[in-house]
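Protein chains in written order, with our numbering: chain A, 1072 to 1324; chain B, 1072 to 1324.
2 protein chains.
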Amino acid sequence: MDRDWEERLPRGVALSWGLVKQPQRGPKREMSIEQIVDAAIAIADQEGIAAVSMNRVAASLGFTTMSLYRYIPSKDDLLLLMQDAVCDMPFAPVTEGRHWRDGLREYVRISVGAMVKHAWYGDLPISGVPITPNNLQVVDYALGTMRELPLNDYEKMSLVLLASSYARSVGIIQRDIERAIRAGASPGAFSGMDYTEALRHLVTEERYPNLHPLVMSGAYTEENTEENTVGNDFDFGLERILDGIEFYLNAKK
Amino acid sequence: MDRDWEERLPRGVALSWGLVKQPQRGPKREMSIEQIVDAAIAIADQEGIAAVSMNRVAASLGFTTMSLYRYIPSKDDLLLLMQDAVCDMPFAPVTEGRHWRDGLREYVRISVGAMVKHAWYGDLPISGVPITPNNLQVVDYALGTMRELPLNDYEKMSLVLLASSYARSVGIIQRDIERAIRAGASPGAFSGMDYTEALRHLVTEERYPNLHPLVMSGAYTEENTEENTVGNDFDFGLERILDGIEFYLNAKK
DNA sequence: ATATACTGTGTATGCAATATACTGTTTATA
DNA sequence: TATAAACAGTATATTGCATACACAGTATAT
């Protein structure tokens, strides 16, 4: 009955698992961790992660700055909880006969969606392997898509890493595109578009022989064309990942 | 001869391209941007990105805090320059007959190496598509590995995104592993190892049916085994990416 | 009943980024 | 060559932040 392992967890992580003992005496609490995290997320959604300060969050709930520290021991822990909260994603329950490719596609699609909805998510660093509950739920879902595949644990983990890192990158770019559109860019003018002209001057053929043609054609800054919608572009990489997995599975047989 | 595009660049980006005009009059400068960035990187390498403050950097060079602002307009810009400096990577010059798979492997290997060397790199968010000179050099190199392949620009960009995002994720995990080892973890005890025991209690079979077995076997927290070195594990995902590309190339023929 | 563990608050500290004003220096130009 | 303009590094001040600490009031275990 050793509970040593609880103490070894970082405070914020312990909080995320609900491992911090509820107080028995004293006045009733007027807030909750969930409430605080929700308030912080609301602020971040509207004004960016930089607008999230302990003061700001507390004020938005009608309390003083220091009251938050009765619930969450530090701002870093608050950010951790925000991160984990975003990982509470609406994955469809796994249906029986679903193909693994469809499952992984769904996984990436939902992940990207969450990152677009919470644009600040990509601004928080990934500190290491997920160890918070919702984040692990995401990993569990991803693993679930590969349940029937003849792969060992290490292979599966490696593929989860592959898919999730791709989702993150795509999520960041998608977010930037939506930001640019929302900021009033003409529809069809995208992400790096503000810099397209500058890059055409700076990315010289001599110094960037391989990149140069892509900048000139507009492919680099993701200008939309008839044959190449951004969405298709992103799907392309995902399909290559899936192809790679499929190829490996076939080779194993 | 319109130079409008220069003004439209963010200040830090303009700096990274050396577009800011050198002063003509006044006293000789006693520092340089390069010097400042190097000093900041040295601090970050030793004590982490949190230790990098304008005051700290200036003091390490023997100047006052405010003197830095004569060179770099804001701390964010300094971080941007640090990021770009790390992207000055020692890619081997492209040899003629090299196979594209070897090229992409090299690309990922060097990228991961840079992230391990500068552990803080993964703590800086990716703000969007690369637009600084060294970062673009990295992109150029990655594109160069695919020079001979019958792919259009969008396909190539998508694959660069795929490879670089994988490199970043692996780099972060590798860094964590090295950190843990350096922090005195027994060799063979890795990344999430401090939390392994906790996760064994928390990741229940009911709630995490797919993840549970991996946590129990130690595969999730990357415990090393005879058949599965961490290095091999990381290589695995990369080979699947390469397989996916190869599969696609063959299908096109 | 009362000591204890808690609540939210008010105040204080220290650090960080950065604006602004200052003194002294170099150079273009009148 | 004189001198004004543009710059260098500095000193000081402002603002906002995270957070420690002490307080007054409140619920509960003993």
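Note that the Cβ used here is the ideal one computed from N, Cα and C, for glycine as well.
All values derive from a computational prediction rather than experimental measurement.
- In summary, B/Tyr1192 is buried, with 16 or more beta-carbon neighbours lying within 10 Å of its beta-carbon over all protein chains present.
- The Cβ neighbour count for A/Asp1314, taken over all protein chains shown within 10 Å, is at least 16; the residue is labelled buried.
- Taken through DSSP and simplified to helix, strand or coil, B/Pro1161 comes out as coil.
- Contact between A/Val1108 and A/Ala1156 is confirmed by a C-beta separation of about 5 Å, below the 8 Å threshold.
- Flagged as an interface residue toward chain A: B/Glu1226, by a C-beta distance shorter than 8 Å.
- In summary, the residues of the region 1310–1321 of chain A whose CB is separated from some CB of chain B by less than 9 Å are Glu1310, Arg1311, Ile1312, Leu1313, Asp1314, Gly1315, Ile1316, Glu1317, Phe1318, Tyr1319, in the order they occur in the chain.
- Residue-level contact check: B/Arg1127 does not touch chain A, since none of the beta carbons of chain A fall below 8 Å from its beta carbon.
- Distance from the CA of B/Leu1273 to the CA of B/Ser1240, rounded to the nearest whole angstrom, comes to 25 Å.
- B/Trp1171: member of the alpha helix (DSSP H) spanning 1171–1188, first to last residue.
- Using a Cβ-Cβ cut-off of 8 Å, A/Asp1194 counts as an interface residue toward chain B, since at least one Cβ of chain B sits closer than that to its own.
- In terms of CA proximity to A/Gly1089, A/Ile1104 leads the group A/Tyr1225, A/Phe1307, A/Ile1104, A/Asp1075.
- Distance from B/Gly1083 to B/Leu1151 at the Cβ level is roughly 4 Å; contact confirmed, criterion being Cβ atoms closer than 8 Å.
- Straight-line measurement puts the Cα of A/Leu1080 at about 28 Å from the Cα of A/Pro1098.
- The DSSP-derived three-state label of B/Gly1242 is helix.
- In terms of beta-carbon proximity, A/Gly1308 lines the interface with chain B, with at least one pair separated by less than 8 Å.
- For a cut-off of 8 Å, the C-beta gap from B/Val1231 to B/Met1160 is around 15 Å, too long to register as a contact.
- Excluding the 5 residues flanking it on each side, B/Gly1215 has same chain C-beta neighbours closer than 6 Å at Val1165, in chain order.
- In the structure shown, A/Thr1136 adopts helical secondary structure according to DSSP, grouped into three states.
- The beta-carbon of A/Ala1121 is placed no less than 8 Å from the nearest beta-carbon of chain B.
- Just measuring C-alpha positions, the residue of B/Thr1292, B/Ser1087, B/Gly1242, B/Asp1247 sitting nearest B/Asp1148 is B/Ser1087.
- Contact with chain A is found for B/Gly1215, since one of that chain's Cβ atoms lies less than 8 Å from the residue's Cβ.
- Closest option to B/Met1228, judged by alpha-carbon separation, among A/Thr1292, A/Glu1219, A/Glu1078, A/Ala1130: A/Thr1292.
- Each of B/Tyr1279, B/Ser1288, B/Arg1253 was checked against the Cα of B/Glu1268, and the nearest Cα belongs to B/Ser1288.
- Neighbours of A/Ser1288 across chain B, judged by C-beta separation under 7 Å: Asp1224.
- Take B/Glu1077, set aside five residues on each side of it, and the residues of its chain with a beta-carbon closer than 7 Å to its own are Ala1085, Leu1090, in chain order.
- Between the alpha carbons of B/Tyr1319 and B/Trp1171 lies a distance of about 14 Å.
- A/Leu1232 has a beta carbon lying within less than 8 Å of a beta carbon in chain B.
- B/Glu1177 and B/Ala1190 do not touch by the CB rule: their CB atoms are close to 22 Å apart, not below 8 Å.
- Taking CB atoms only, A/His1170 has no neighbour in chain B less than 8 Å away.
- Residues of chain B with a Cβ closer than 8 Å to the Cβ of A/His1189 do not exist, since the nearest Cβ in that chain sits about 14 Å away.
- Against chain A, the CB of B/Arg1100 has no partner CB under 8 Å away; the residue lies outside that interface.
- An exposed status is given to A/Ala1113, since fewer than 16 other beta-carbon atoms sit within 10 Å of its beta-carbon.
- Excluding five sequence positions before and after B/Asn1206, the CB atoms of its chain that fall closer than 6 Å to its own CB belong to Asp1155, Cys1158, given in chain order.
- Residue state for B/Met1217 is assigned as coil, using DSSP reduced to three classes.
- Cβ contact annotation for A/Leu1175 (same chain, cutoff 7 Å, sequence separation greater than five): Thr1216, Ala1234, Leu1313, in chain order.
- Taking C-beta atoms as the reference points, B/Ala1238 and B/Val1183 count as a pair closer than 8 Å.
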